[in-house]
Structures are given as C-alpha cells and as structure tokens.
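**Student:** Heads up, the sequence shown is in our numbering, so the first residue is 63 and it goes up one at a time.
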Amino acid sequence: MQCRIVMLVAIFGLTGCEPEASLLPSGPSGMAARTITTSGGRVDSPEGAAIHFRQGSLEAPQRIRIESTSPPAELASAGKVVSAAFGVGPDGLALGQSATLALKFDREIDPSKAWLATIVGVANGLVQPYGATRVDLSSGVVEGDVGELGTFAVVIPGASMIFPVHPQSTGRSSIRAAVSDGDPRAMTDSITVFCGGSATPCIGTAATASENLLARVRSAALLYPAMAGSIRLADGAATGSISISVSLRLQPESRRRAETIWLNAQIQPTGSTVLVENPDEILLTDVRVRTTGGLGLVSGSNEEISTLVVARSSEGGLTSIGRSFRIPGAGGQVARVTIQIPVRLHS
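Shown next as structure tokens:
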C-alpha cells in the first residue's frame, strides 16, 4: 500500500527529502491567547509551547490560551516529567480534527532516554499519553497530535510503560488463514483484556520486528500500549470485540529525530466464528481483524477474515497481531512488526 511506503520513507529518509520543519515555539512574552477560527491557526507561548489547529479542528471560533502551570499530580503515573506543564484551554474541549502541539523539553534530565520523550495530557482528570509523537533531539522539541485540550507536559515513560522490541522469530503467527484440528466443544466462555495507558500497565505485552526493520534503526521500543474489550462465547455464537492501540518508537542511526509508528486494531468475531479448543491453544475461526496504522497523519487501513490463535499460558492466554510495511529502495523487502497481547480466559 502506498501509505506504508510513505511511512518508512519519512522514518528512514530513504528518498533524501528533508523532514517537515518542527513547530518551534516563538512569540512575544506573557501568556499566549488568540481567537482561532474554523479555518485553523496557531498560538505560540514564549515559554516553550505552541499549538497549530487545522481546518475543521474547531466547530466555531474559540479563544485559545496557553499558559504555564504546575504539573498535575496525575502526570507522575506516566513517568518522569522533563518539561514545564502547559494548560491549553478551554480545558476539555474536544477537537473535530487533531491539532499539533509542540513542547520544548530538557534533553539533559535523562539523555539516554530522550528519544522516548512523549507528550502526556491530563483532561477532566484523565491521563492520556499521545503515542504518535515526533521528537527533534537537535532542538529539544516534541510534537504530537492531540484530540482534546487540557494540561500537557513532556514525559519520559516509566519502566513499566516501555517494552523492548526483539528480532522476530520464524514461529507461527497468532492470525492464521486456516484452522487446525481440535475439539469444537466450547469450554471457555470469554476472552478479555483491560489494561493500558499510565494507570494499568499491560504486563506480558511484547513486541518483535523483522531483522530488516531493526537493521535500519539504532533503537526501537513499544510505548504505552492500551488494550480493552471482551469476546463472549455462548450458545454457539461469539460476540463482542477487543480494541488495541500501540505506538512503536524508532530512533534512526542519525539520532537527530525519533519517529513513531502507531497501530490501532479491532478484533471482532463474525456470524461464522467457531471456537475450537486444544490443550495448548484456543482458536476462533472467521474473525474480522481491522487495523489502521501510520506515521503521524499519514495512515492506511486493512481488514481481513482470519483465525485468531490464543496460546494458553500460566497467566491466561497470549495472542498477537501484526502489520507489514514495504521498505522502499530495499528490493521490495517487507518489514513486519508483531505485538503480543496478554488476555484472560474465563470458563
């Protein structure tokens, strides 16, 4: 797909194009406030913050303000705060189209982890890490696309929010085109997962990537995965769904910038889904798997009907989803990233 090519071009600079200029904060001193129309616009703070609204971000003209503030206590749950906190208001205002927020941060607080810097917001008491973040390590500016106004700061994720990415083995995928033989009698009545963000880390999550992807970056890590949902099995039918949101942070060899591939997925049974149980695994046939992913605002989507495989473990079960990306200038090579998802089995 063309969108997948664009994503890796942007990450690795394979075409030699310059990256888009950062939204660097600038402007006069004092609290920043400006009326922004539905056509979009920008507000700058001299203290290290700026926000750019796209056309359609606002449903009506709004007086937008940016002012420095004390970091909300909730931010501590997300990791180490490495910037000033900024209130962008009106607080809690939902946007029709995302706006790009830029914050300056102190790269020297934790230099070895500066490439993991992430914008985290607090709105209406809820903590929201914005995984689709771009980090300019040369200027010390982090950019992210936000869908709601509130209080924001740059955070280095805590250890429980960072998951290393390992080389991919040749083992079988948890999404299969066909089902193996097994016992079709249902002993499990639901498969659930509820974890993520900064409040409940997804313990047991893991990520792998193909060697041809890892060979092109200095470092890679999965940040702030979030997963929620339940698939219920009763009277021969499967209902419900499981939603997954993950961000894969990549640091190219140049170390000047770090980019993020984001992936959202929904796993949903169909009217044809059948549960097959084996001693070591559970298989759900004819499951619809929808995925969207991209780099920043560049994205693509895919939908397929497959068999979902849940391997039994001592803690419940493990399944996985993956996404492939064609690498331009590499002889048609396709890189793949796979996310292992911990689930609970109920019977």
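Just so it is clear, CB atoms sit at the ideal spot from N, CA and C, and this is done for glycine as well.
1. T97 and P123 - do their beta-carbons sit closer together than 8 Å?
2. Suppose the cutoff is 6 Å on Cβ atoms and the five residues either side in sequence are ignored; what does the same chain contact list for G209 look like?
3. Taking DSSP as the reference, what is the three-state secondary structure of D173?
4. Select from R318, T354, I293 and L380 the residue whose C-alpha is nearest the C-alpha of T335.
5. Can you look up S334 in the DSSP assignment and give me helix, strand or coil?
6. Identify, in the order they occur along the chain, each residue of the same chain with its Cβ nearer than 6 Å to the Cβ of G266, setting aside the five sequence neighbours on each side.
7. Between S200, V351 and L284, which lies nearest to T322 when the distance is taken from Cα to Cα?
8. Less than 8 Å between the CB atoms is what I'm expecting for I344 and G379, so what's the real figure, rounded?
9. Can you list, in chain order, the residues of its chain whose CB lies under 8 Å from that of H408, leaving out five sequence neighbours each side?
10. Could you tell me which of E109, H114 and A221 sits nearest to D168, measuring between CA atoms?
11. Here's the rule: buried if 16 or more other CB atoms are within 10 angstroms of the residue's CB, otherwise exposed. What is G149?
12. Just curious, the alpha helix (DSSP H) that E273 is in, first and last residue?
13. List the endpoints of the continuous beta strand (DSSP E) containing S132.
14. Since M289 is in the beta strand (DSSP E), which residue starts that stretch and which ends it?
15. Considering Q313, what are the terminal residues of the beta strand (DSSP E) in which it resides?
16. Could you give the distance in angstroms between the alpha-carbon of H228 and the alpha-carbon of V217?
17. Taking the beta carbon of P152 as the centre, do at least 16 other beta carbons fall within 10 Å, making it buried, or is it exposed?
18. For the beta strand (DSSP E) containing G258, list its first residue and its last residue.
19. As an exercise, report each continuous alpha helix (DSSP H) stretch of at least 4 residues that is fully enclosed by the stretch 144 to 198, in chain order.
20. Would you identify the three-state DSSP class for L407, choosing helix, strand or coil?
21. Closest to A215 by CA distance: which of S130, C257, R319 and G258 is it?
22. By the three-class DSSP mapping on this structure, what secondary structure does A138 have?
23. Tell me the rounded alpha-carbon separation between E165 and L295.
24. If I measure Cβ to Cβ from W177 and keep anything under 8 Å in the same chain, skipping five residues before and after, which residues do I get?
25. Applying the criterion that 16 or more other CB atoms from any shown protein chain within 10 Å of the CB defines a buried residue, is D342 buried or exposed?
26. Give me the residue from G212, G102 and R104 with the minimum Cα distance to A147.
27. Cβ of S368 within 8 Å of Cβ of V399?
**Tutor:** Concretely, from the data shown:
1. Translated into positions along the sequence shown, residue 123 becomes position 61. Translated into positions along the sequence shown, residue 97 becomes position 35. Yes, the pair counts as a contact, with Cβ atoms nearer than the cut-off.
2. Sequence index remark: in the sequence shown, residue 209 carries index 147 (1-based). Result list for G209: L157 and S160, in chain order.
3. In the sequence shown, residue 173 corresponds to position 111, counting from 1. Looking at the sequence provided, one finds Pro at residue 173 rather than Asp. In this structure, P173 counts as helix in the three-state DSSP scheme.
4. Counting from one through the sequence shown, the residue named residue 335 turns up at place 273. Selected option, being the one with the closest Cα: I293.
5. Along the sequence shown, one-based indexing puts residue 334 at 272. Correct three-state label for S334: coil.
6. Here residue 266 is taken as the residue at index 204 of the sequence shown, counted from 1. Cβ within range, chain order: P404.
7. One-based indexing of the sequence shown puts residue 322 at position 260. Cα-wise, what sits closest to T322 is L284.
8. Translated into the one-based positions of the sequence shown, residue 344 becomes position 282. Translated into the one-based positions of the sequence shown, residue 379 becomes position 317. Indeed, because the Cβ distance is near 7 Å, the residues count as touching under 8 Å.
9. To locate residue 408, count along the sequence shown from 1; it is residue 346. Contacts found: T250, D251, S252, I253 and T254.
10. Taking the sequence shown and counting its residues from 1, one reaches residue 168 at position 106. D168 has its Cα closest to that of E109, out of E109, H114 and A221.
11. For the purposes of this step, residue 149 is taken as residue 87 along the sequence shown, with counting starting at 1. Buried.
12. Here residue 273 refers to the residue found at position 211 of the sequence shown. From DSSP, the alpha helix (DSSP H) with E273 extends over E273 to L276.
13. One-based indexing of the sequence shown puts residue 132 at position 70. No beta strand (DSSP E) holds S132; DSSP gives it neither H nor E.
14. Here residue 289 corresponds to residue number 227 of the sequence shown, with the count starting at 1. Here the beta strand (DSSP E) through M289 covers V279 to A296.
15. Sequence index remark: in the sequence shown, residue 313 carries index 251 (1-based). Q313 -> beta strand (DSSP E) spans A299 to P314.
16. Residue mapping note: residue 228 aligns to position 166 of the sequence shown, counting from 1. Residue mapping note: residue 217 aligns to position 155 of the sequence shown, counting from 1. If you take the alpha carbons of H228 and V217, they lie about 24 Å apart.
17. Position 90 of the sequence shown, counting from 1, holds the residue named residue 152. Classification of P152: exposed, given that the 10 Å Cβ count is below 16.
18. As a first step, residue 258 is located in the sequence shown; it is residue number 196 there, counting from the start. Its beta strand (DSSP E) spans residues S252 to G258.
19. none
20. Mapped onto the sequence shown, residue 407 falls at position 345. Correct three-state label for L407: strand.
21. Here residue 215 corresponds to residue number 153 of the sequence shown, with the count starting at 1. The shortest Cα separation from A215 among S130, C257, R319 and G258 belongs to S130.
22. Your numbering for residue 138 matches position 76 in the sequence shown. In the structure shown, A138 sits in a helix (DSSP, three-state: H, G or I).
23. The count along the sequence shown starts at 1 and reaches residue 165 at position 103. The count along the sequence shown starts at 1 and reaches residue 295 at position 233. Just to set this straight, residue 165 is Leu in the shown sequence, not Glu. Going by the C-alpha atoms only, they are around 46 Å apart.
24. Here the question's residue 177 lines up with position 115 in the sequence shown. The residues are V197, L199, S281, R311, Q313, R317 and A320.
25. Here the question's residue 342 lines up with position 280 in the sequence shown. Answer is exposed; the Cβ neighbour count stays below 16.
26. Your numbering for residue 147 matches position 85 in the sequence shown. The shortest Cα separation from A147 among G212, G102 and R104 belongs to G212.
27. Locating residue 368 in the sequence shown gives position 306, where the first residue counts as 1. Locating residue 399 in the sequence shown gives position 337, where the first residue counts as 1. The answer is no: Cβ separation not under 8 Å.
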